[in-house]
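To keep things clear, I will list the structure first and then write my remarks on it.
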């Protein structure tokens with residue numbers, strides 16, 4: 036299965052990104068409004084940015100991720116807080132767990148990393164299989180972007196990130212697109228410098244697929260989901276073209 040997953044260097048920086056301010060309270064509120072159904076599953080749980088607050092809110096939650104580096108960061112953070120969740124290194128399409136769930140959620144556009152449409156459809160079916168009857172599935176996705184929203188295809192971008200440990204990371208990115216702009220690819224090189232000396236280099240191949248709202252609603256129906264609702268992220272207003280869109284749906288009773 037084709038899926039982007041994060042390496043060691045990005046996994047250490049994931050929580051430092053400041054663009055997730057509205058996401059966590061939104062998803063916690065979705066779970067609470069649904070009646071705090073459980074157990075809870077977060078596929079693509081990453082470093083635990085969402086999973087740990089769910090644990091602290093009393094959720095019986097399991098996590099799955101394809102990246103061993105993201106899971107290592109998650110385990111480290113959980114250990115620091117005295118938490119011991121059940122974490123599994125698995126691809127969504129190959130999830131093999133021992134129980135079903137009353138609430139499954141995938142925040143932060145992560146589902147778009149399943150950039151082959153067939154694999155995405157199979158993954159939706161797998162998640163449906165792991166929902167309890169009447170259970171909720173909530174995720175957000177990016178609709179097709181405006182021209183130039185992610186920079187010009189073929190352009191190279193360079194960022195410099197100063198870390199709390201005193202190291203500096205040079206991030207060199209080359210963007211491209213395919214499938215008529217429905218999939219973006221970002222080939223990224225991370226270079227870590229300590230006291231001016233290069234200590235670590237890592238390459239990362241980021242891919243993300245965008246979905247038209249009607250198209251993804253049909254994919255959810257094909258997988259068996261019902262009561263599909265869409266809102267602009269991360270609130271309760273109607274979505275429009277080029278938005279990040281939250282999809283909420285249920286498995287029939």
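Residue numbers (my numbering): 36 to 288. Even glycine gets a Cβ: it sits at the ideal position worked out from N, Cα and C.
Check your understanding: From residue 227 to residue 94, what does the alpha carbon distance come to, in whole angstroms?
Key -> 37 Å
Review point. What's the gap between the Cα of residue 191 and the Cα of residue 211?
Key: 10 Å
Check your understanding: Under the DSSP definition of a beta bridge, which residues are partnered with residue 177?
Key -> 279, per the DSSP bridge assignment.
Point to revise | residue 158, DSSP secondary structure in three states | key: In the displayed model, residue 158 falls within a helix according to three-state DSSP.
Check your understanding: Does the separation of the CB atoms of residue 247 and residue 179 fall below 9 Å?
Key -> yes
Exercise for review: Entirely within the region 72-152 and at least 4 residues each: give me those alpha helix (DSSP H) ranges in chain order.
Suggested key: The alpha helix (DSSP H) runs of length 4 or more contained entirely in the region 72-152 are, from start to end of the chain, 86-91 and 103-115.
Practice item. Tell me whether residue 52 sits in a helix, a strand or coil according to DSSP, three-state version. Key: Unreliable placement is indicated for residue 52, whose pLDDT of 49 sits below 50; no coordinate value is reported for it.
Check your understanding: So residue 366 is in the beta strand (DSSP E); what residue range does that whole segment cover?
Key -> Here the chain has residues from 36 to 288 only, and residue 366 is not among them.
Check your understanding: According to DSSP, is residue 225 helix, strand or coil?
Key -> strand
Check your understanding: Given a threshold of 16 other Cβ atoms within 10 Å of its Cβ, counted over all protein chains shown, does residue 242 qualify as buried or as exposed?
Key -> buried
Exercise for review: To the nearest angstrom, report how far apart residue 157 and residue 128 are at their CA atoms.
Suggested key: When rounded, the distance between both Cα atoms is 6 Å.
Point to revise | residue 163 versus residue 258 - alpha carbon distance | key: 7 Å
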